[in-house]
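To start, the structure itself, in structure tokens.
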Amino acid sequence: MARALPITHLQALLDRLGADGRTVVGPVARDGAVVLEPVRIVDELAQGWRDEQAPGRYRLVPGEPRVFGALLGPQSPKTWLYPAKLTLFRAERDGASFRTTSPDRPPRLALLGLRACDLAAIRLQDRVLLGSGVEDPAYASRRREVLLVAVQCHRSAETCFCASMDTGPEVSSGYDLRLTEVIDERGHRLVVEAGSEAGRAIAADLPLVDVPHDDDAASRQAAEARAGQSKSLRTEGLRERLLDALRGPHWDEVATRCLGCAGCTMVCPTCFCTAVADVTDATGAAERVRRWDSCFHTEFTHVHGGPTRAELAARYRQWLTHKLATWHDQFGTSGCVGCGRCTTWCPAGIDLVAEAERAATAERRTE
Amino acid sequence: MRLAVHKFASCDGCQLSVLDCEDELLTIVEAVEIAYFPEASSRMDDGPWDCSLVEGSITTAHDAERIQEVRRKSKRLVTIGACATAGGIQALRNLGDVEAWRAVVYARPEYVATLATSTAIADHVPVDFELRGCPVDKHQLLEVLLAMLHDRRPAIPRESVCADCRRAGQVCVTVAKGVPCLGPATQAGCGALCPGYHRGCYGCFGPSDHPNAPALSRVWQAHGADRDTIVAALRTFNTAAPAFDAEAKRLEEDR
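Protein chains in written order, with our numbering: chain A, 1 to 367; chain B, 368 to 622.
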């Protein structure tokens with residue numbers, strides 16, 4: 001029988017997740033969007049908001065009194081598991097030599113409010129950062145400790161296309177807890193299901209009540225989200241179609257619209273490229289700092305003599321064909337989870353699905 | 368390292384950024400000998416210098432000669448700020464009739480000797496490093512000074528403001544609020560300051576190394592900005608920076 005947490009007891013969930021010194025990160029309404037930030041009390045959560053998304057446009061508008069009414073903001077699990085800026089180590093002078101010190105202990109996290117596509121993105125990041133031969137210690141230490149609390153989507157945004165990427169909208173695996181938010185004549189509650197031992201232990205400590213009629217709440221909401229999803233990427237043969245189009249005319253055209261700002265790669269939950277720089281302070285102590293970088297930056301491919309992808313068309317092509325085609329060769333999967341963040345958060349409103357389709361079907365340029 | 372700080376046509380704000388380093392400045396002073404810095408000290412050592420920071424643009428015949436001498440006496444020459452790197456806001460004169468303006472503005476115009484243009488230092492002498500900003504960012508300035516001191520390349524990215532804005536977890540003002548922003552075409556370095564306060568970027572740091580200004584104009588237009596508004600936004604502190612100037616001219620000619 002389904003078990004649910006009455007919404008009036010939501011604080012108990014935050015408290016339990018935050019027990020043993022964990023930082024609970026959840027959806028918070030800030031500056032016109034839902035972002036993922038530390039939350040201690042229920043009032044900090046983005047309750048009562050709904051997101052409207054379109055290419056290049058995001059608006060937070062008042063909605064039902066749902067706690068998880070807004071689907072996706074510009075941030076993703078990447079923001080917390082693979083931070084935008086990270087000190088790898090510090091080095092200080094020690095006579096004629098130097099000694100290094102390790103960075104501070106990474107935070108123990110509980111990520112609350114993740115969607116099916118977010119869990120899929122974590123699976124992809126696992127593959128890249130843990131499973132491709134070289135483990136990334138910074139990611140590994142955060143990933144090992146994190147609790148993942150997912151929420152079943154009850155609707156889709158205009159920019160969502162997870163169904164076509166086979167990553168959602170059902171939250172089907174990879175979570176410690178799955179929540180399904182139900183508001184009906186019986187009240188407002190979160191159906192709670194555990195997906196791991198850690199999840200079961202947490203659920204056991206929560207003041208849950210039996211709700212016999214909610215057994216299919218998650219699948220019902222997933223079906224509604226799926227039915228409401230109009231966007232889809234035609235993935236069949238996409239890798240081959242894109243790689244056949246490398247010399248197509250489309251790249252020059254999209255480069256007239258692309259700002260080259262790198263916003264898409266920053267909000268993408270699977271883009272993993274970083275740059276490393278050594279910085280010194282006035283005393284000669286040094287830090288090695290890693291930050292998110294982007295294939296849209298010319299400095300990203302800077303070698304002796306200049307960048308290898310000097311033209312914006314070449315950089316756009318790299319981003320799209322890596323994400324959707326050569327990821328398959330490199331990691332055995334597409335690099336896209338269909339969350340639509342790149343499309344919503346592109347100031348120029350460039351739509352990944354439309355561009356992929358256009359590029360893959362454009363006639364080849366005659367040389 | 369013997370350091371000099373020179374002023375040309377400018378507001379002194381970038382030199383004040385040097386003094387604004389405060390705590391770090393004390394540590395730097397231990398490693399650096401400030402030999403010439405009239406804004407801060409009455410010591411006026413005549414050079415040569417290991418490193419010269421140059422603020423301001425070239426607007427007079429006298430300054431055009433003086434920068435040659437500064438270059439001759441400086442092992443490394445670093446320009447700081449929008450005036451030194453792009454001609455500054457005073458480069459608006461490049462678009463107007465300087466003689467007519469001089470006659471209108473000054474009671475005794477014959478006392479004012481000026482060139483018809485305001486130009487960047489790099490238009491006159493070879494420059495080893497250009498630090499952008501109006502004013503320059505104190506952390507970036509420290510980074511450049513430390514890089515010079517430790518003989519390494521300054522870690523100053525030439526990417527867009529958007530990269531910093533997104534890394535900082537700020538919400539894009541254009542996407543979430545429809546506010547036009549110059550960030551996508553502007554070089555990072557300020558820490559995406561204005562978008563952090565819910566305003567669009569003003570382009571203080573000049574064009575990034577890969578701006579697509581025409582595409583950005585279309586984004587502004589899509590959010591309701593007319594051509595005059597976009598031209599005015601491009602024609603500020605970095606009006607003479609090639610990418611901003613070219614786009615402003617393209618919009619004006621299109622009219």
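The beta-carbon is built from N, C-alpha and C at its ideal position, and this holds for glycine as well.
Just so it is clear, the structure is predicted and the values come from calculations on it, not from any experiment.
Shown here for R290/A: same chain residues with a beta carbon closer than 6 Å to its own, the five before and five after excluded, namely L86, L88, T274, V276 in chain order. In this structure, R189/A lies near I7/A, with their beta-carbon atoms less than 7 Å apart.
Along the segment 162 to 174 of chain A, none of the residues has a CB nearer than 7 Å to a CB of chain B. Below the 9 Å Cβ cutoff, chain A contributes no neighbours of T481/B, its closest Cβ being approximately 37 Å away. Spanning the alpha carbons of T79/A and P212/A requires a straight line of approximately 37 Å. Linking P207/A to V353/A through their CA atoms gives a straight-line distance of about 44 Å. Any Cβ of chain A closer than 7 Å to the Cβ of N579/B would place that residue at the interface, and such an atom is present. The beta carbon of P524/B sits closer than 7 Å to those of A555, all from its chain and outside the five residues before and after it, given in chain order. Contacts with chain B (Cβ-Cβ distance below 9 Å) from the segment 24 to 39 of chain A involve R30, D31, G32, A33, V35, L36, E37, listed in chain order. Under the 8 Å Cβ criterion, the segment 596 to 615 of chain B counts as touching the segment 563 to 575 of chain B, having at least three qualifying pairs.
Using a 10 angstroms sphere on the CB of F375/B, the tally of other CB atoms reaches 16 or more, which defines it as buried. When rounded, the separation of the alpha-carbon atoms in T446/B and V421/B is 5 Å.
Residue environment analysis places T308/A among the exposed positions, since fewer than 16 neighbouring C-beta atoms fall within 10 angstroms of its C-beta. The count of Cβ pairs closer than 8 Å, one atom from the segment 99 to 110 of chain A and one from the segment 22 to 33 of chain A, reaches three, so the stretches are in contact.
In the DSSP assignment, K85/A forms a beta bridge with R291/A. In the structure shown, E158/A adopts coil according to DSSP, grouped into three states. Among the residues of the segment 582 to 606 of chain B, those with a Cβ less than 7 Å away from any Cβ of chain A are A582, L583, V586, in the order of the chain. Residues R239, L242, L243 of the same chain have their beta carbon placed closer than 6 Å to that of A325/A, with the five preceding and five following residues left out of the count. At the C-beta level, A453/B and A487/B come within 7 Å of one another. If you ignore the 5 residues before and after E145/A, its C-beta comes within less than 6 Å of the C-beta of R108, all in its own chain and listed in chain order. Under the DSSP definition of a beta bridge, L444/B partners with S419/B. Straight through space, the alpha carbons of T298/A and A204/A are spaced by roughly 52 Å. According to DSSP, residue pairing for R57/A in a beta bridge involves A54/A.
With contact defined as three or more Cβ pairs closer than 8 Å, the segment 532 to 541 of chain B and the segment 506 to 520 of chain B are not in contact. Secondary structure at T265/A: helix, using DSSP grouped into helix, strand and coil. Here DSSP, grouped into helix, strand and coil, assigns R226/A to helix. In the DSSP assignment, I597/B falls within the alpha helix (DSSP H) that extends over 594 to 601.
Near chain A, meaning a CB-to-CB distance below 9 Å, the residues of the segment 491 to 523 of chain B are L509, E510, L512, L513, A514, L516, H517, R519, A522. Note that the C-beta distance between A262/A and Q152/A is not below 7 Å.
According to DSSP, V303/A shares a beta bridge with G306/A. Of all residues in the segment 61 to 82 of chain A, only G73, P74, Q75, T79 come within less than 9 Å of chain B when Cβ atoms are compared, listed by chain position. Contact with chain A is found for P551/B, since one of that chain's Cβ atoms lies less than 7 Å from the residue's Cβ. Between R226/A and P169/A, the C-beta spacing is below 7 Å. For L109/A, no CB of chain B lies under 7 Å from its own CB, so it is not counted at the interface with that chain. Taking a 10 Å sphere around the C-beta of E64/A, we find fewer than 16 other C-beta atoms and assign the residue as exposed. With a contact defined as Cβ atoms closer than 8 Å, S424/B and A458/B qualify at about 7 Å.
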